[in-house]
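Data block below; observations after.
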Amino acid sequence: VATALQHQKPITEADTRKAETERVEDEHFSGMTQEQIAAEISDDRDAAVAYARYQQRQETKGAPNAEAITEASQIYSYAARVSVVKGLIDESELTDEVKESLKPDHFTHLKAQGIVEWEKATFKALVTHEAATVSAKEIADKKETLNEEVMAEVDGERPAVVTGRREGPSPDFMKTDSTSLLETALSKKPQKGN
């Protein structure tokens, strides 16, 4: 996560010069007495501006840095997202091949956007896996019903099954003789509420 952020925000030459200028000013003014500082800034306007910047840095030294807080917050947010997605992958029933394709290393070239893309790819794989599982179950249920219908047609002993029943065979009243229907009805145990 930190690597992605570092690549996203390159350090410019101006930032480097500014940091060096601040370091030089801090060293220069920190080693001087108040009298020396007063003498230097009274003669030179640029020295007075540099001393004002030095004073401002000294006053805000203990104060929280808004930019650092924002960056730390962003890193924490990315770390939390990475942790959640990694947990989803580890606890999922995805195949090893799919898990291999979802390794974070495949997304680091995208820098910070790679975390978002990795998250999307993971959710897509999980949804696809779940949809495949549900559809396989539905197909198995339909196949079982079809097998019962076919067996009822092939086997003359069983009553024909009405299409679409899931709780077991239900006789087709048009194809089954009334004696068989009566015997079946009388042999069943009565259900509660009837």
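At position 94 of the sequence shown (counting the first as 1) the number is 94 in UniProt numbering, and the numbers step up by one without a gap. Where is the CB? At the ideal position from N, CA and C, for every residue including glycine.
From Asp15 to Arg23, what distance separates their C-alpha atoms? 12 Å
Kindly indicate the opening and closing residues of the alpha helix (DSSP H) around Thr33. First-last for Thr33: undefined, no H or E at that position.
Distance, Cα to Cα, Glu25 vs Glu59? 15 Å
Does the count of Cβ pairs from the region 120 to 139 and the region 93 to 109 closer than 8 Å reach three? yes
Quick test of your reading: Arg81 and Glu119, contact by CB under 8 Å. State the CB separation rounded to the nearest angstrom. 6 Å
With distances taken between CB atoms, is the gap from Thr122 to Leu146 smaller than 8 Å? no
Between which two residues does the alpha helix (DSSP H) holding residue 201 run? A question about residue 201 goes unanswered here, because the residues of the chain that appear run from 1 up to 194.
To the nearest angstrom, report how far apart Glu93 and Glu149 are at their CA atoms. 34 Å
If distances are taken between C-alpha atoms only, which option among Asp141, Ala140, Tyr54 and Gln113 comes closest to Met32? Tyr54
Tyr78 and Ile115 - do their beta-carbons sit closer together than 8 Å? Contact: yes.
Output needed for Ala125: all residues of its chain with C-beta closer than 7 Å, excluding positions within five of it in sequence on either side, in chain order. The residues are Leu94, Val98 and Leu102.
Is residue 242 buried or exposed, if buried means 16 or more other CB atoms sit within 10 Å of its CB? Look at the range of the chain in this structure, 1 to 194, and you will see that residue 242 is not part of it.
Please report the residue range of the alpha helix (DSSP H) in which Leu181 lies. For Leu181, the enclosing alpha helix (DSSP H) covers residues Ser178 to Ser187.
Tell me whether Ala39 is buried or exposed, calling it buried when 16 or more other Cβ atoms sit within 10 Å of its Cβ. So Ala39 ends up on the exposed side.
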